[in-house]
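**Student:** Chains as they are written, first to last, in the working numbering: chain A, 1 to 203; chain B, 1001 to 1203. Ideal Cβ positions, reconstructed from N, Cα and C, are used throughout, including at glycine. Quantities reported herein were computed from a predicted structural model and do not represent experimental measurements. One structure follows; several queries about it will come next.
2 protein chains.
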Amino acid sequence: MPTLKLTYFDMHGGRGEAARLALFIGGIPFEDRRVPFGEWGAMKPQTPYGAIPILEVDGEVIAHSNGINRFVGKLAGLYPTDPLQAALCDEAMGVVEDIAVPIVATFGISDPAELKSTREALVDGPLSFYLDRLAKRLAKRGGQYFADGRLTVADLKVFVWIRHLRSGNLDHVPADLVPRVAPLLVEHCDRVRDHVQVRAYYQ
Amino acid sequence: MPTLKLTYFDMHGGRGEAARLALFIGGIPFEDRRVPFGEWGAMKPQTPYGAIPILEVDGEVIAHSNGINRFVGKLAGLYPTDPLQAALCDEAMGVVEDIAVPIVATFGISDPAELKSTREALVDGPLSFYLDRLAKRLAKRGGQYFADGRLTVADLKVFVWIRHLRSGNLDHVPADLVPRVAPLLVEHCDRVRDHVQVRAYYQ
């Protein structure tokens, strides 16, 4: 087993959380480096693309969160070996990134009126669209898991995202959006939350 | 071997081109469905996420271009089996998507002055940054290929993108940007272009 060091912000969410969960579930030892927000400015230029998470594997740095998810998913037995199932797993993870990008971009908006209108446009447009389509894809796979008929890193990634959307912590994104637009993703989120090792992680 | 049908626009470039190249190089038979731009509006709502490429594998649809690249890369022997090398391959493909998203977004800008200022801001900001960082990552891998010390789908994806940037066909993105900011990516682009099977594809 390689020596692993995962570097991400000190929070229960975001792009690094699925990898932490996967490593915990797989029982893979790793150094869980949590960067205080105040230290990020100094660290940012030292990372390959000015972003975290990064994963060090025996000292070699991997950047890009979904690539990290696939890598740790393979180690943890949470990534399909069948190429078609792997592609469906990739698809769900990719879609979460597609919609995360414009949402993350709104974190930089300081004008309250602009933030409100931008977030509301996302809610009415791409956010609702992607939620609906993602739920339809899940339904097509049987409604339980996104790939391989079992828990994979795709489920962990979608779970972290949907939990955040449901939290009401994102201003102008109503907490009832997911239940209203994609109730199947609420069921899925609760299914992953209640996974015995996911529960253990948060305890 | 599964029955494959790849659906994408009828052009030598964009998000579907790396998969076409990989399938050709691997000698994998596939139906190369090319959608005329005029037919896209009617087809768009029928796709899983309102986007192409999509790949049908024995009738099952896979969406998301990099997932498709991984799938066909495995079939064609152009995706690393080693997990660390696979993660480095994923990283380069992911970075091209990261910068493709804001560039593709500019295709919808109709006001010439706004298009100019938006494209110029991309050139001076994230585009130059990502080109520089991608070249540094390539240098770290030895300067020839992004992963596994050989041609992979990452090289095909970067090649298609850099070729487009160098073409001068993208208004307000100067054709000398890549040579100026990331000369190693010019060498890499020419290396992939001169690959015997890449040459054969375009002949």
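1) Give the DSSP bridge partners of Ile32(A), in chain order.
2) Using the Cβ count rule (16 or more neighbours within 10 Å means buried), how would you classify Pro1053(B)?
3) What residues match up with Glu1060(B) in a beta bridge as DSSP calls it?
4) Curious, which full-length alpha helix (DSSP H) runs of at least 4 residues does the region 93-163 of chain A contain?
5) Please state whether DSSP places Gly73(A) in a helix, a strand or coil.
6) Using a beta-carbon distance below 7 Å, is Pro45(A) in contact with chain B?
7) Residues in the region 83-95 of chain A with C-beta within 9 Å of chain B's C-beta atoms, listed in sequence order?
8) Relative to the C-alpha of Tyr1202(B), which residue among His1012(B), Tyr1008(B), Val1095(B) is closest?
9) Does chain B have any CB closer than 7 Å to the CB of Pro36(A)?
10) Just verifying my parser: in three-state terms, what is the DSSP assignment at Asp190(A)?
11) Do Tyr1049(B) and Ile1099(B) have their C-beta atoms within less than 7 Å of each other?
12) For Ile25(A), does the three-state DSSP call read helix, strand or coil?
13) With a threshold of 7 Å between beta carbons, is Pro53(A) in contact with chain B?
14) Near Ser1117(B), which residues of its chain fall below 7 Å by C-beta distance, leaving aside the five closest residues on each side in sequence?
15) Using the three-state DSSP reduction, which class does Arg15(A) fall into: helix, strand or coil?
16) Express the C-alpha separation of Gln144(A) and Glu1091(B) in angstroms, rounding to a whole number.
17) Apart from the five residues on each side of it in sequence, which residues of its chain come closer than 7 Å, Cβ to Cβ, to Met1043(B)?
18) From Ile1162(B) to Phe1071(B), what distance separates their C-alpha atoms?
19) With H, G and I counted as helix, E and B as strand and the rest as coil, what does DSSP make of Pro1080(B)?
20) Compare the beta carbon distance of Leu6(A) and Leu55(A) with 7 Å and say whether it is the shorter of the two.
21) Can you check whether the C-beta of His1064(B) is within less than 7 Å of a C-beta belonging to chain A?
22) From the beta carbon of Val57(A), is the nearest beta carbon of chain B less than 7 Å away?
23) In chain order, what residues of the region 1126-1148 of chain B put their CB closer than 8 Å to some CB of chain A?
24) Should Lys1074(B) be flagged as near chain A, meaning a C-beta pair shorter than 7 Å?
25) Assuming Ala1147(B) contacts Ile1068(B) under a Cβ cut-off of 8 Å, what Cβ separation, rounded to an integer in Å, is found between them?
26) Chain B beta carbons: is any one of them nearer than 7 Å to that of Pro29(A)?
27) Can you give me the Cβ contacts of Ala1135(B) inside the same chain, cut-off strictly under 6 Å, excluding the 5 residues immediately before and after it?
28) When you compare the CB positions of Leu165(A) and Val178(A), do they come within less than 7 Å of one another, or not?
29) My assumption, with CB atoms under 8 Å, is that Leu138(A) sits in contact with Leu78(A). Please give the rounded CB distance.
30) Check whether the Cβ of Tyr1049(B) lies closer than 7 Å to any Cβ atom in chain A.
31) Grab the span of the alpha helix (DSSP H) containing Tyr1049(B) for me, first residue to last.
**Tutor:** Here's the rundown:
1) Note that residue 32(A) corresponds to Asp in the displayed sequence, not to Ile. Looking at the DSSP output, Asp32(A) bridges to Leu6(A).
2) Classification for Pro1053(B): buried.
3) DSSP lists Val1057(B) as partners of Glu1060(B).
4) The region 93-163 of chain A contains, as complete alpha helix (DSSP H) runs of 4+ residues, the segments 112-122, 128-140 (chain order).
5) Three-state result, Gly73(A): helix.
6) Judged by the 7 Å Cβ criterion, Pro45(A) is not in contact with chain B.
7) If the cut-off is 9 Å between Cβ atoms, the region 83-95 of chain A has Pro83, Leu84, Ala86, Ala87, Leu88, Cys89, Asp90, Glu91, Ala92, Met93, Gly94, Val95 near chain B.
8) Checked all of His1012(B), Tyr1008(B), Val1095(B); the closest Cα to Tyr1202(B) is His1012(B).
9) Not one chain B Cβ lies under 7 Å of Pro36(A).
10) Helix at Asp190(A).
11) No, they are not a contact pair.
12) Helix at Ile25(A).
13) Answer no: the Cβ-Cβ gap between Pro53(A) and chain B never drops below 7 Å.
14) Contacts found: none.
15) Arg15(A) falls in the coil class under three-state DSSP.
16) When rounded, the distance between both Cα atoms is 29 Å.
17) If we look at Met1043(B) and ignore the five residues flanking it on each side, its Cβ neighbours are Val1035.
18) Roughly 23 Å separates the two Cα atoms.
19) In the structure shown, the three-state DSSP call for Pro1080(B) is coil.
20) Cβ distance < 7 Å, so Leu6(A) and Leu55(A) count as in contact.
21) It does: the Cβ of His1064(B) has a partner Cβ on chain A nearer than 7 Å.
22) Output row for Val57(A): interface = yes.
23) Those would be Phe1129, Tyr1130, Arg1133, Lys1136, Arg1137, in chain order.
24) Judged by the 7 Å Cβ criterion, Lys1074(B) is in contact with chain A.
25) For a cut-off of 8 Å, the C-beta gap from Ala1147(B) to Ile1068(B) is around 18 Å, too long to register as a contact.
26) With 7 Å as the cut-off, Pro29(A) does not count as an interface residue toward chain B.
27) Result list for Ala1135(B): Ala1182, Leu1184, Leu1185, in chain order.
28) Taking 7 Å as the cut-off, the beta carbon of Leu165(A) is found closer than this to the beta carbon of Val178(A).
29) Separation of the CB atoms of Leu138(A) and Leu78(A) is rounded to 17 Å, and the pair is thereby denied contact status at 8 Å.
30) For Tyr1049(B), the nearest beta carbon of chain A is closer than 7 Å to its own beta carbon.
31) It is not in any alpha helix (DSSP H) - Tyr1049(B) carries neither H nor E in the DSSP assignment.
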